[in-house]
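Engineer:
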Amino acid sequence: MIEFPSIPMPILTPRLRLEPRRVGDGKAITRAIESNFDEISKWMSWANPCPTVEDSEAYVLKSIKMFEDRETLELLIWDRESGELLGSSGFNEIDWTVPRLETGYWLSKEASGQGFATEAVNALTRYAFEVLDAKRLAITCDKDNVKSRLIPERLGFDLEGILRNHMMKIGSRETRDTLIYSRVDLNGLPDLDVSW
0 MIEFPSIPMP ILTPRLRLEP RRVGDGKAIT RAIESNFDEI SKWMSWANPC
50 PTVEDSEAYV LKSIKMFEDR ETLELLIWDR ESGELLGSSG FNEIDWTVPR
100 LETGYWLSKE ASGQGFATEA VNALTRYAFE VLDAKRLAIT CDKDNVKSRL
150 IPERLGFDLE GILRNHMMKI GSRETRDTLI YSRVDLNGLP DLDVSW
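So this is what it looks like as structure tokens:
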């Protein structure tokens, strides 16, 4: 039987608070997705069609259960100063026997371009290795998603490979390539004040 690590929350950075979804977060989640729907829907199939508040709230309940069962550790990214929801990140594709994890992220339009995703992923990288005792953290993204690619590249993740013709482009019959980035330790990760 796998013994799961304790999961101290929230994760705090100078600007951000990352914490699990809670009942009642559906409205803020939907508003954040709607604000950046054109960008998010290009890369993430779950955003097609744009979820309603009811859809988001139903997913919150599912996410809470998956968090409790340690299947995924999905987190919301909140602005510590304004209290506004900026986006989402966390850990998925978890194999606790190694342990290895994958992270992904999306942001509202208002939060894009301000370094919030880089800050959140930096914090999650530290959390993965220091708290969850991860041996590997991966990020996958579409080769054409330049904004998403910049995050692992800024944070010193290694590009391990390209999965050619790996997925279908959303809303099209064209295939797309997927990039796989990873880290196996914290060496070279930019400094960041993080607590949990």
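First residue of the sequence shown: 0, per numbering that gives the first Met the number 0; consecutive thereafter.
Where is the CB? At the ideal position from N, CA and C, for every residue including glycine.
Would R16 and W77 qualify as a contact pair, given that the criterion is a beta-carbon distance under 8 Å?
Structural biologist: Here the question's residue 16 lines up with position 17 in the sequence shown. Here the question's residue 77 lines up with position 78 in the sequence shown. Cβ distance < 8 Å, so R16 and W77 count as in contact.
Engineer: Assign E18 to one of three DSSP states: helix, strand, or coil.
Structural biologist: Here the question's residue 18 lines up with position 19 in the sequence shown. Residue state, collapsed to three classes: strand.
Engineer: Do the stretch 163-170 and the stretch 182-194 make contact, defined as three or more Cβ pairs closer than 8 Å?
Structural biologist: no
Engineer: Quick check on DSSP: helix, strand or coil for D37?
Structural biologist: As a working mapping, residue 37 is identified with position 38 in the sequence shown. Helix, per DSSP.
Engineer: Classify N47: buried if its beta carbon has 16 or more other beta carbons within 10 angstroms, exposed otherwise.
Structural biologist: As a position in the sequence shown, residue 47 is number 48, starting the count at 1. N47 comes out exposed.
Engineer: Just to confirm the assignment: which complete beta strand (DSSP E) runs, minimum length 3, are found wholly within the stretch 114-174?
Structural biologist: 135-141 and 157-167
Engineer: Taking only beta-carbon atoms, is D54 less than 8 Å away from chain D?
Structural biologist: Absence of chain D from the displayed structure is noted, only one protein chain being present.
Engineer: When you compare each of A110, R14, S181 and A133 to R148 by their alpha carbons, which one comes out closest?
Structural biologist: What you label residue 148 is simply residue 149 of the sequence shown in a count that begins at 1. Looking only at A110, R14, S181 and A133, the smallest Cα-Cα distance to R148 is reached by S181.
Engineer: Classify G23: buried if its beta carbon has 16 or more other beta carbons within 10 angstroms, exposed otherwise.
Structural biologist: Here residue 23 corresponds to residue number 24 of the sequence shown, with the count starting at 1. Result: exposed.
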